[in-house]
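Numbered according to our numbering, the sequence shown spans residues 929 to 1133. Even glycine gets a Cβ: it sits at the ideal position worked out from N, Cα and C. Note that the coordinates shown come from a computational prediction; the quantities given were computed from them, not determined experimentally. What follows is a set of notes on a single structure, which appears directly below.
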Amino acid sequence: MWSMSFDAAASVAPSLPRLAATIWNPVVGQLAPGVSTELSRPLRGLGSFVLVLVAGALVLRLRQSYVDESVNAILDSPATAVLYGIAGYMIVGIVGLYGATTLARLSVAGGVFVRIAILVSSAFVLVLTSFGFLVVGTLVTDTLSNRQPVLGLLIGASLSAVLWVLFSPAGSIVSSLAIAAFGIGGAARLWIHSERTVETELGGR
């Protein structure tokens, strides 16, 4: 698993500048004006609240056990949570870039597939970030009283809204990813170490 990830990263690296321009210019160039000028800060906060609430509710509906496992993992090692969360985002980014560049090479309609890959990756990052806020909110309830994931989701969604109200779009994105990275850090640590364990066991046969 890890060797495949490193191979993917190595193959993607030479294409990063071109792919970054492909993503940044049309996507950010079109979305940033709308986010920064057309929508007021309260509307951006409301939009973030709704997105986190919907995506987090979906996670609770399908995999609530992941939330409890993630909170427990953070409590076991809170100091490393952000680092593992950043690693989780990096893995998602590598997989997304690798998929996009591969589709671009294999298809004559590469541009279309690259945009589809970007949309899919963006949706996954949205769910991942919402999961991070959900875990952070649940951790707050666990610290203050009893663990309540539903209340934690409301706290996490409210926190994401506050960030979009207080900061500029760029500052909101950075702060949101930082907090979400802490939230997904526990789950990322469990996943990374489980993958290493499986690889070790397979390598020993």
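Q. Can you name, in chain order, every residue of its own chain whose Cβ lies under 6 angstroms from the Cβ of Ala1115, other than the five neighbours on each side?
A. Residue 1115 sits at position 187 when you count from the first residue of the sequence shown. Cβ neighbours of Ala1115 beyond the five flanking positions: Ser998.
Q. For Phe1052, does the count of other Cβ atoms within 10 angstroms reach 16, so buried, or fall short, so exposed?
A. Position 124 of the sequence shown, counted from the first residue, corresponds to residue 1052. Per the 10 Å Cβ criterion, exposed.
(Q) Report the CB separation of Gly1060 from Ala1098 in whole angstroms; it is logged as a contact under 8 angstroms. (A) Your numbering for residue 1060 matches position 132 in the sequence shown. Your numbering for residue 1098 matches position 170 in the sequence shown. Not quite, the Cβ-Cβ distance comes to about 19 angstroms (not below 8 angstroms), so this is no contact.
Q.
Using 9 angstroms as the threshold, is the C-beta distance between Ile1002 and Gly1111 below it?
A. Residue 1002 sits at position 74 when you count from the first residue of the sequence shown. Residue 1111 sits at position 183 when you count from the first residue of the sequence shown. Between Ile1002 and Gly1111, the CB-CB gap stays under 9 angstroms.
**Q.** For Gln992, the first and last residue of its enclosing alpha helix (DSSP H)
**A.** Along the sequence shown, one-based indexing puts residue 992 at 64. 969-1004 is the span of the alpha helix (DSSP H), which, as asked, contains Gln992.
Q.
If the criterion is Cβ atoms closer than 9 angstroms, does the pair Ser1050 and Gly1027 meet it?
A. By 1-based counting over the sequence shown, the position of residue 1050 is 122. By 1-based counting over the sequence shown, the position of residue 1027 is 99. Contact flag unset, no.
Q) Leu1062 and Leu1031 look like a contact to me (Cβ under 8 angstroms); what is the Cβ gap, rounded to whole Å? A) Here residue 1062 is taken as the residue at index 134 of the sequence shown, counted from 1. Here residue 1031 is taken as the residue at index 103 of the sequence shown, counted from 1. With 8 angstroms as the limit, Leu1062 and Leu1031 do not qualify as a contact, their Cβ atoms being about 31 angstroms apart.
**Q.** Limits of the alpha helix (DSSP H) - the one that Ser1086 falls within
**A.** Residue mapping note: residue 1086 aligns to position 158 of the sequence shown, counting from 1. Looking at the DSSP string, the run of the alpha helix (DSSP H) that includes Ser1086 is 1077-1094.
(Q) Give me, in chain order, the residues of the same chain whose beta-carbon lies closer than 6 angstroms to that of Arg972; leave out the 5 immediate sequence neighbours on both sides. (A) On the sequence shown, position 44 is the one that residue 972 refers to. Cβ neighbours of Arg972 beyond the five flanking positions: Trp1092.
Q: Using a threshold of 9 angstroms, state whether the C-beta atoms of Val1020 and Leu1056 are closer than that.
A: Here residue 1020 is taken as the residue at index 92 of the sequence shown, counted from 1. Here residue 1056 is taken as the residue at index 128 of the sequence shown, counted from 1. Cβ atoms of Val1020 and Leu1056: closer than 9 angstroms.
Q.
Can you check which of these residues, Ile1107, Ser1100, Ser1096, Phe1095, is closest to Ile1083 by C-alpha distance?
A. Residue mapping note: residue 1083 aligns to position 155 of the sequence shown, counting from 1. Taking only the C-alpha atoms, the option nearest Ile1083 is Ile1107.
Q: Measure the C-alpha to C-alpha separation of Ser939 and Asp1070 and round it to an integer number of angstroms.
A: Taking the first residue of the sequence shown as position 1, residue 939 is located at position 11. Taking the first residue of the sequence shown as position 1, residue 1070 is located at position 142. Model confidence at Ser939 stands at a pLDDT of 46, short of 50, so the residue's coordinates are unreliable; what they give is reported in the following sentence. The alpha-carbon atoms of Ser939 and Asp1070 are separated by roughly 43 angstroms.
Q. For Ser1088, is the classification buried or exposed, using 16 other Cβ atoms within 10 angstroms of its Cβ as the cut-off for buried?
A. Walking along the sequence shown from the start, residue 1088 turns up at place 160. Buried, because 16 or more other Cβ atoms sit within 10 Å of the Cβ of Ser1088.
**Q.** Residues of its chain near Gln1076, where Cβ-Cβ distance is below 6 angstroms and the 5 sequence neighbours each way are ignored
**A.** On the sequence shown, residue 1076 is found 148 positions in, with the first residue counted as 1. Thr1069.
Q. Roughly how many angstroms separate the alpha carbons of Tyr1017 and Ser1086, rounded to a whole number?
A. In the sequence shown, counting from the first residue as 1, residue 1017 sits at position 89. In the sequence shown, counting from the first residue as 1, residue 1086 sits at position 158. When rounded, the distance between both Cα atoms is 22 angstroms.
Q) With distances taken between CB atoms, is the gap from Leu988 to Val1078 smaller than 9 angstroms? A) Mapped onto the sequence shown, residue 988 falls at position 60. Mapped onto the sequence shown, residue 1078 falls at position 150. In this structure, Val1078 lies closer than 9 angstroms to Leu988 by Cβ.
Q) If you check the beta carbons only, do Ala1045 and Gly1024 fall under 9 angstroms apart? A) Walking along the sequence shown from the start, residue 1045 turns up at place 117. Walking along the sequence shown from the start, residue 1024 turns up at place 96. Their beta carbons are under 9 angstroms apart, which means Ala1045 touches Gly1024 by this criterion.
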